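Peer 1: So that we are looking at the same thing, I have put the structure below in structure tokens.
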Amino acid sequence: MSMDFSEFQRLLGADPRSGEPGFQRARHSSPEFEAAAAEAEQFEAILERAALIQPPADLLERLLVISRKPPGPDRGRRWLPMALAASVLLTAGAAGWIWNMNHSWDSVEDYVADHYRHDGEMVPAGASVSDVRALFSGLNMQAAPALADIVGVIKYCPTPDGKGIHMILNTQNGPVTVIYMPDTPVIDREMFAFDNLEVILVELKRGSAAIIGPDQQSISGLYAFVQDSIIPSPDNS
0 MSMDFSEFQR
10 LLGADPRSGE
20 PGFQRARHSS
30 PEFEAAAAEA
40 EQFEAILERA
50 ALIQPPADLL
60 ERLLVISRKP
70 PGPDRGRRWL
80 PMALAASVLL
90 TAGAAGWIWN
100 MNHSWDSVED
110 YVADHYRHDG
120 EMVPAGASVS
130 DVRALFSGLN
140 MQAAPALADI
150 VGVIKYCPTP
160 DGKGIHMILN
170 TQNGPVTVIY
180 MPDTPVIDRE
190 MFAFDNLEVI
200 LVELKRGSAA
210 IIGPDQQSIS
220 GLYAFVQDSI
230 IPSPDNS
């Protein structure tokens with residue numbers, strides 16, 4: 000059976016240089032697949048080069064100055080990738096910085112879809128509760144014990160307005176992704192879909208979250224749980 004483009008993109012995100020026969024057959028099956036593979040390989044090469052770059056000592060200060068400049072009258076709500084770069088530089092290194100410098104998003108919906116496609120479908124493992132606590136503490140936030148106990152993957156990630164957290168939860172209905180965005184406003188309970196996935200946005204006491212799963216039932220059932228479980232640290236509430 001031939002591989003569809005959505006599955007091919009998922010495999011590209013996981014390993015763009017895979018030698019798996021089915022992947023290779025799909026890669027050469029059409030110009031669309033070949034173009035996607037070439038773009039992914041070019042991006043991998045950029046990341047490899049970026050990992051060798053030592054940024055100037057004052058780069059962060061320069062980016063912060065640029066990011067504080069007000070947008071022009073025709074920019075509207077469009078976010079500046081340069082502003083993203085300043086926060087990502089602190090956590091993701093040059094590779095993450097390059098990704099943000101080459102992306103801008105017109106909406107939260109665009110960001111969520113782009114971010115998820117970039118990271119691919121990571122396999123949940125077993126993140127420790129201390130890892131969860133440490134990452135949230137770094138943002139002056141905390142995760143309720145019930146949430147920390149079911150986190151399978153957790154890492155810092157870029158968001159439209161600075162550093163956030165990307166998690167995969169091991170739920171009774173299977174893995175569900177949650178992206179925490181500390182400084183990004185959303186329309187509470189807004190739902191949308193992309194790539195056969197469903198998303199619900201959650202307004203939090205500080206910032207917001209996007210819950211991403213295979214169907215509306217799996218994500219809607221986690222709405223209240225996520226809203227109650229990501230809270231400011233006591234000294235920052």
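Per numbering that gives the first Met the number 0, the very first residue in the sequence shown carries number 0; after that it's consecutive. The beta carbon of each residue, even a glycine, is placed where N, CA and C say it ideally should be. What you are looking at is a predicted structure, and each value in this text was computed from that prediction instead of being measured.
#1: Taking contact to mean 3 or more Cβ pairs, one atom from each stretch, closer than 8 Å, check whether the region 223–234 and the region 143–158 are in contact.
#2: Tell me which residues share the same chain as MET190 and place their Cβ nearer than 6 Å to its Cβ, disregarding the 5 neighbours each side in the sequence.
#3: Just how far apart, CA to CA, sit GLY206 and ASP182?
#4: May I ask you to list the residues that DSSP assigns as paired with ILE178?
#5: Going by the CB atoms, is the gap between VAL150 and MET166 shorter than 8 Å?
#6: One question on the structure: do LEU138 and ILE153 come within less than 8 Å of each other, judged by their Cβ atoms?
#7: With DSSP as the reference, identify every bridge partner of LYS154, one or two as the case may be.
#8: Using C-beta distances below 6 Å, list every residue in its chain close to ILE178, excluding the 5 sequence neighbours before and after it, in chain order.
#9: Check the C-beta distance from TRP104 over to ASP118 and give it rounded, since I have them as a contact under 8 Å.
#10: Under the rule that 16 or more other beta-carbon atoms within 10 Å means buried, what is LEU83, buried or exposed?
#11: Take SER28 as the anchor and find which of GLU19, ALA39, MET2 and SER17 has the nearest alpha-carbon.
#12: Report the three-state DSSP secondary structure of LEU134 (helix, strand or coil).
Peer 2: Taking the definition as stated:
#1: yes
#2: Along the sequence shown, one-based indexing puts residue 190 at 191. The residues are ILE199.
#3: In the sequence shown, counting from the first residue as 1, residue 206 sits at position 207. In the sequence shown, counting from the first residue as 1, residue 182 sits at position 183. For GLY206 and ASP182, the distance between alpha carbons rounds to 5 Å.
#4: Start at 1 with the first residue of the sequence shown, and residue 178 comes out as number 179. Partner(s): HIS165 and ALA209.
#5: As a first step, residue 166 must be located in the sequence shown, where it is residue number 167. As a first step, residue 150 must be located in the sequence shown, where it is residue number 151. Closer than 8 Å, so yes.
#6: Taking the sequence shown and counting its residues from 1, the one referred to as residue 138 is at position 139. Taking the sequence shown and counting its residues from 1, the one referred to as residue 153 is at position 154. Cβ distance not < 8 Å, so LEU138 and ILE153 don't count as in contact.
#7: Here residue 154 refers to the residue found at position 155 of the sequence shown. Note: LYS154 sits in a beta bridge opposite HIS165.
#8: The sequence position of residue 178 within the sequence shown is 179, counting from 1. Within the same chain, ILE178 has close Cβ partners HIS165 and ALA209.
#9: Here residue 104 refers to the residue found at position 105 of the sequence shown. Here residue 118 refers to the residue found at position 119 of the sequence shown. With 8 Å as the limit, TRP104 and ASP118 do not qualify as a contact, their Cβ atoms being about 15 Å apart.
#10: On the sequence shown, position 84 is the one that residue 83 refers to. Note that LEU83 has pLDDT 40, beneath the 50 cutoff, so the model's placement of it is unreliable and no number is given.
#11: Residue 28 sits at position 29 when you count from the first residue of the sequence shown. Nearest C-alpha to SER28: MET2.
#12: Counted from its first residue, the sequence shown places residue 134 at position 135. Of the three classes helix, strand and coil, the one that applies to LEU134 here is helix, per DSSP.
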